[in-house]
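So the sequence shown is numbered by the numbering used here: it starts at 196 and just counts up by one.
Every residue gets a Cβ at the ideal spot worked out from N, C-alpha and C, and that includes glycine.
This structure is a prediction, so every number in the text was calculated from the model and none was measured.
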Amino acid sequence: MRDLPHEEDWTPDRLRAIGERVRAERRRQGLTQDQVWQAARIDRRTVQNVEAGREMKVSTLLRIAWVLEVPPSDLFR
């Protein structure tokens with residue numbers, strides 16, 4: 196079993212990577228942030244925060260993955 200590294204060392208990098216994957220997939224599909232937040236029934240600011248790699252809930256990522264029609268695991272790879 197591995198010890199968890201200090202949060203400040205790895206969490207921000209992983210959150211940014213998830214946000215980048217969300218943004219890349221949204222753009223690949225030619226969707227705007229407005230289209231995503233409206234379809235996912237979440238706040239506009241939430242989509243902006245996800246793409247910026249700020250704190251995000253799993254439930255939010257599930258909604259976004261549904262709208263983008265990608266497996267949630269694709270956002271975490």
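Closest to residue i by C-alpha separation, out of the options, would be which residue?
{"i": "Leu270", "options": "Pro207, Ala212, Val242 and Pro200", "result": "Ala212"}
What span of residues does the alpha helix (DSSP H) with residue i cover, start to end?
{"i": "Pro267", "result": "Pro267 to Phe271"}
{"i": "Leu257", "result": "Val253 to Leu263"}
{"i": "Ala234", "result": "Gln228 to Ala235"}
{"i": "Arg197", "result": "That residue, Arg197, is in no alpha helix (DSSP H); it is neither H nor E in DSSP."}
To the nearest whole angstrom, what separates the beta carbons of residue i and residue j, a pair I think is in contact under 8 Å?
{"i": "Arg172", "j": "Trp232", "result": "The chain is shown only over 196 to 272; residue 172 falls outside these bounds and no answer can be derived."}
{"i": "Arg258", "j": "Leu210", "result": "Actually they do not touch by this definition, with Cβ atoms about 17 Å apart."}
Between which residues of its own chain and residue i is the CB-CB distance below 7 Å, once the five residues before and five after are set aside?
{"i": "Leu263", "result": "Glu220, Arg221 and Gln224"}
{"i": "Ser268", "result": "none"}
{"i": "Val265", "result": "Glu220"}
{"i": "Arg218", "result": "Glu246"}
### Message
Taking 8 Å as the cut-off, does the segment 240 to 249 touch the segment 204 to 220 (at least 3 CB pairs, one atom from each stretch)?
### Response
yes
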